[in-house]
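Read the structure below first, then the notes.
Protein chains: 2
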Amino acid sequence: MKEPNPEVFADCPVAGVQKIVRGKWNMVIMYFLHQQTLRFGELSRKMPMVTQAQLTKDLRMLESYGLINRKVYPQVPPKVEYSTTAMGEQFMPVLTALERFATVYEAQAN
Amino acid sequence: MKEPNPEVFADCPVAGVQKIVRGKWNMVIMYFLHQQTLRFGELSRKMPMVTQAQLTKDLRMLESYGLINRKVYPQVPPKVEYSTTAMGEQFMPVLTALERFATVYEAQAN
DNA sequence: GATACAACTTATCTTTAAGTAGCTTAGGTA
DNA sequence: TACCTAAGCTACTTAAAGATAAGTTGTATC
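Structure below.
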């Protein structure tokens, strides 16, 4: 989003990371994992409105973006822990900014 | 996003404004209108990959959220100007934060 | 032998977002 | 008379995202 003029701005850096922000649950996941490392089940219980299938997809997506870590313990039953990466922490200001805006917005909408 | 614990956080303030961030073109529109007031056609020409129908929808959506103004001049052919509202300006930090993150992200992804 | 556990898959269905194409309006110009 | 303009609207189609429900795995306990 550096170039106001070009007709096609495929080079816009924001375009590349927009998917993170456009996923319905990504922000919530990042919020919880920013607070603490969590197992799949723990996270799932914090977000009961999200199905396991969806949560799996979203976690994989965030992992592929390098925002979260996925640590597997070879056990039975399985144990998998999720945590934010350094890059994931860099993302937090976006969430904070949105949260701040939301607060202002709700206050005005009375 | 204030409450880490509750099972259902429908009261999360972010949920209410998430739609703004989840629209594919809303950020781009806000970016351009933040720079200057623009007519529909001018904006459309800056975003040639967006059809007029879609642009109309998105502008109406942003207007309904109170982020942009729509000023109609009763002329023929019609003239309509779009600009950001005070609330719209409050939204800018979100875009800035995302832009900053995007820059860091692209740099690392090399 | 049946049931339970955690962390998934897989398949299918529904919803939402986005894209495409053509129509409209009212006055001005060729 | 026909065509052009700006800023739409309408109807339709396609694609993407999300939701639902059931099945899988390998131990371990009842």
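Those protein sequences? They're chains A and H, same order as listed.
For the first sequence, the working numbering gives the first residue as 1, with consecutive numbering after it.
For the second sequence, the working numbering gives the first residue as 1001, with consecutive numbering after it.
The beta-carbon is built from N, C-alpha and C at its ideal position, and this holds for glycine as well.
No experiment lies behind these values; they were computed from the predicted model shown.
Quick one: is residue i buried, meaning 16 or more other Cβ sit within 10 Å of its Cβ, or exposed?
i, result
"Phe1088/H", "It should be noted that the sequence gives Gly, not Phe, for residue 1088/H. It counts as buried."
"Thr1084/H", "buried"
"Ala102/A", "buried"
"Val1076/H", "exposed"
"Ala1097/H", "buried"
Expressed to the nearest angstrom, what Euclidean distance is found between the alpha-carbon atoms of residue i and residue j?
i, j, result
"Lys46/A", "Val1021/H", "23 Å"
"Val94/A", "Thr1056/H", "27 Å"
"Val104/A", "Asp58/A", "28 Å"
"His34/A", "Cys12/A", "27 Å"
"Gln1018/H", "Met1092/H", "14 Å"
"Phe32/A", "Pro1078/H", "49 Å"
"Thr1037/H", "Val1050/H", "19 Å"
"Gly66/A", "Ala1109/H", "9 Å"
"Ala53/A", "Arg60/A", "11 Å"
"Ala107/A", "Leu62/A", "31 Å"
"Glu1099/H", "Gln1090/H", "16 Å"
"Pro1074/H", "Met1030/H", "25 Å"
Would you mind working out which of the options sits nearest residue i, comparing C-alpha positions?
i, options, result
"Arg1039/H", "Asp1058/H, Gly1023/H, Lys1071/H, Val1017/H", "Lys1071/H"
"Val28/A", "Pro48/A, Val17/A, Gly16/A", "Pro48/A"
"Ala1086/H", "Gln1075/H, Gly1041/H, Arg1060/H, Asn1069/H", "Asn1069/H"
"Glu42/A", "Thr96/A, Val80/A, Glu99/A", "Val80/A"
"Ser44/A", "Ala107/A, Leu67/A, Tyr82/A, Met61/A", "Tyr82/A"
"Gly1016/H", "Ser1064/H, Glu1106/H, Met1030/H", "Ser1064/H"
"Asn1026/H", "Asn26/A, Val14/A, Met30/A, Ala107/A", "Val14/A"
Based on the DSSP output, what are the partners of residue i in its beta bridges?
i, result
"Asn69/A", "Ser83/A"
"Arg1039/H", "Glu1081/H"
My output table needs one value for residue i: the three-state DSSP class, helix, strand or coil.
i, result
"Pro1048/H", "coil"
"Pro1013/H", "helix"
"Gln90/A", "helix"
"Lys1057/H", "helix"
"Gln75/A", "coil"
"Lys1024/H", "coil"
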